[in-house]
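Q: Okay, here's the structure, questions in a sec.
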Amino acid sequence: MDVWIWELLRGIGRAFAQPFLYIAFFGMAWFAVKRIKKERATFGIRIFDRYSDWRGTVVLSIAAGLLLSILAVGGGIVISFSFLLLVSVVLLLVSLTGKSNWYSPAYTLGISYLLLLFLPLLPERYRSNGWVESLEQTPLTGVVLVLAVLLFVEAFLFLKTTPSHTYPERVMGSRGMWIGQHRSRNIAVVPFFALLPSGSIESFVSWWPLFPIGQDGFGLILIPFVMGSEWTARGQAPEVAAKALGRHTFLLAFLVLCLAGASFYIHALSLAAVIVSLLGREMIHILHRVREDRPAFFSSNPKGVRILGILPGSPASQMGLVPGEVIERVNSIPVRTENQFYEALQNTGAFTKLEVRDAEGENRYVQRAMYEGEHFELGIVFVEPPTHESSVGFF
1 MDVWIWELLR GIGRAFAQPF LYIAFFGMAW FAVKRIKKER ATFGIRIFDR YSDWRGTVVL
61 SIAAGLLLSI LAVGGGIVIS FSFLLLVSVV LLLVSLTGKS NWYSPAYTLG ISYLLLLFLP
121 LLPERYRSNG WVESLEQTPL TGVVLVLAVL LFVEAFLFLK TTPSHTYPER VMGSRGMWIG
181 QHRSRNIAVV PFFALLPSGS IESFVSWWPL FPIGQDGFGL ILIPFVMGSE WTARGQAPEV
241 AAKALGRHTF LLAFLVLCLA GASFYIHALS LAAVIVSLLG REMIHILHRV REDRPAFFSS
301 NPKGVRILGI LPGSPASQMG LVPGEVIERV NSIPVRTENQ FYEALQNTGA FTKLEVRDAE
361 GENRYVQRAM YEGEHFELGI VFVEPPTHES SVGFF
């Protein structure tokens, strides 16, 4: 037991020797600065804080990390430090695209797997290097099993998306009119333990570990695996797009898992699992683009003003307003433009009652008392830019 505790502590320390955490930190900072700068330029105010890209992923990441740790340590998946560095290099290279959808494990682990296949083509003087030798011993079935589990995590990240977790953007449509779209960006760090091919832990049953490297003792390493997603919804509601992406990714993960399990008996199927994950990920992206090829969901409405975004914690958020809904009346006063909306709010006094129509065409009423110090504009941004853009928020 003392050996396991000691290796556990050493494994936690080894997490900081890997580039994953540092790539995640700089990636999150870069995406946050880029987004906030765009929000201020478009709406005159920051809508979401700098931590919103990853805050909603913490619970799911920890749960997935526990599951992966049981799979990797209990099942005996040994991963060399050289392979982790290879994945880190791939992650760093895809970061240069500026798109977090390349953080999908289908790309990072899939590309890393394919690179391993080219190692036999290296000149002999390079293959005799200790790092290259450890890469050649990478258990490919173990890699695709981890890939399958991480694809399930990606699917759940899609499925848990709500309109309050996507970022509103205002763009010019093809007909020269303002339309809106929502962008979802998630960056998750999934921490899980795996085995290293050197350490103080000895095999305790004949079959463990299932995917060994070498015959010596084994150690533990905490792998803070970085993954992410990014997509936009323009022709449909963001939650509808997210559910479709989640269902398709879940099916892909299940198929990859089946191939990964079968590769335990037929090793060539591990390559099939990687190819399916890469092609499937691209097919999901193409299907999403096809579903987006329709009139803009966030467009002007002649019956009222359409909500493009809600500031978190604002009066509008507390009233339960949702992006995509149309505000038709403010305290029984019809509103058709942003300026009419602002004027009606200024004349409502300390109580506000809104008539809104949702995406299904059903109307409802929301109301709220306004208190001293709260901004009269409720914290709503609309599809059409108002004439005084710099004050659309309540801060």
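For what it's worth, the numbering used here labels the leading residue of the sequence shown as 1, then goes sequentially.
Even glycine gets a Cβ: it sits at the ideal position worked out from N, Cα and C.
In terms of DSSP beta bridges, what is Val78 paired with?
A: For the purposes of this step, residue 78 is taken as the residue at position 78 of the sequence shown. Per DSSP, Leu195.
Q: Give the secondary structure of Trp131 by DSSP, where H, G and I count as helix, E and B as strand, and everything else as coil.
A: Against the sequence shown, residue 131 aligns to sequence position 131. Note: Trp131 maps to helix in three-state DSSP.
Q: Below 8 Å, how does it come out for the stretch 274-292 and the stretch 107-118: are there three or more Cβ pairs, yes or no?
A: Yes: at least three Cβ pairs fall under 8 Å.
Q: Specify the secondary structure class of Pro334 as computed by DSSP and reduced to three states.
A: Residue 334 sits at position 334 when you count from the first residue of the sequence shown. In this structure, Pro334 counts as strand in the three-state DSSP scheme.
Q: Please go through the same chain and pick out, in chain order, the residues whose beta-carbon is closer than 8 Å to the beta-carbon of Pro295, but skip the five residues on each side of it.
A: Indexing the sequence shown from 1 puts residue 295 at position 295. Excluding sequence neighbours, Pro295 sits near Gly235.
Q: Among residues of its own chain, excluding the 5 on either side of Leu378, which ones have a beta-carbon nearer than 6 Å to its beta-carbon?
A: As a position in the sequence shown, residue 378 is number 378, starting the count at 1. Cβ neighbours of Leu378 beyond the five flanking positions: Pro315 and Ala316.
Q: Leaving out five residues before and five after Glu169 in sequence, what residues of the same chain have Cβ atoms less than 8 Å from its Cβ?
A: Reading the sequence shown from its first residue, position 169 is the one you call residue 169. Answer for Glu169: Lys38, Thr42, Gly180, Gln181, His182, Arg183 and Thr232, listed in chain order.
Q: Quick check: the Cα distance between Gln137 and Phe81, rounded to an integer number of angstroms?
A: Along the sequence shown, one-based indexing puts residue 137 at 137. Along the sequence shown, one-based indexing puts residue 81 at 81. Gln137 and Phe81: Cα-Cα distance of roughly 12 Å.
Q: For Leu151, I'd like the list of residues in its chain whose CB is within less than 7 Å of its CB, leaving aside the five on either flank, ordered along the chain.
A: Position 151 of the sequence shown holds residue 151. Excluding residues within five positions, the ones whose Cβ falls inside 7 Å are Pro105, Ala106, Thr249, Leu252, Ala253, Val256 and Ser277.
Q: Where does Thr162 land, buried or exposed, given buried means 16+ other C-beta within 10 angstroms?
A: Numbered from its first residue, the sequence shown carries residue 162 at position 162. Classification for Thr162: exposed.
Q: Which residues in the same chain as Leu91 place their Cβ atom closer than 8 Å to its Cβ, once the five residues preceding and following it in sequence are excluded?
A: To locate residue 91, count along the sequence shown from 1; it is residue 91. Cβ neighbours of Leu91 beyond the five flanking positions: Pro19, Phe20, Ile23, Tyr103, Thr108 and Val226.
Q: Tell me the rounded alpha-carbon separation between Val153 and Val330.
A: Taking the sequence shown and counting its residues from 1, one reaches residue 153 at position 153. Taking the sequence shown and counting its residues from 1, one reaches residue 330 at position 330. C-alpha separation (whole angstroms): 42 Å.
Q: With three or more C-beta pairs closer than 8 Å as the rule, is the stretch 201-214 touching the stretch 236-245?
A: Output reads no: the stretch 201-214 does not touch the stretch 236-245.
Q: Below 8 Å on the Cβ atoms is my guess for Ile201 versus Gly228; work out the distance and round it to an integer in Å.
A: Counting from 1 along the sequence shown, the entry for residue 201 is found at position 201. Counting from 1 along the sequence shown, the entry for residue 228 is found at position 228. The pair is not a contact, with the Cβ atoms about 32 Å apart (cut-off 8 Å).
Q: Anyone know if the C-beta pair for Gly324 and Phe297 falls short of 9 Å?
A: Along the sequence shown, read from residue 1 onward, the residue named residue 324 stands at position 324. Along the sequence shown, read from residue 1 onward, the residue named residue 297 stands at position 297. A contact, by the Cβ cut-off of 9 Å.
Q: Counting only runs of 3+ residues fully inside the stretch 104-163, write out the beta strand (DSSP E) ranges in chain order.
A: For the stretch 104-163, not a single whole beta strand (DSSP E) run of length 3 or above is found.
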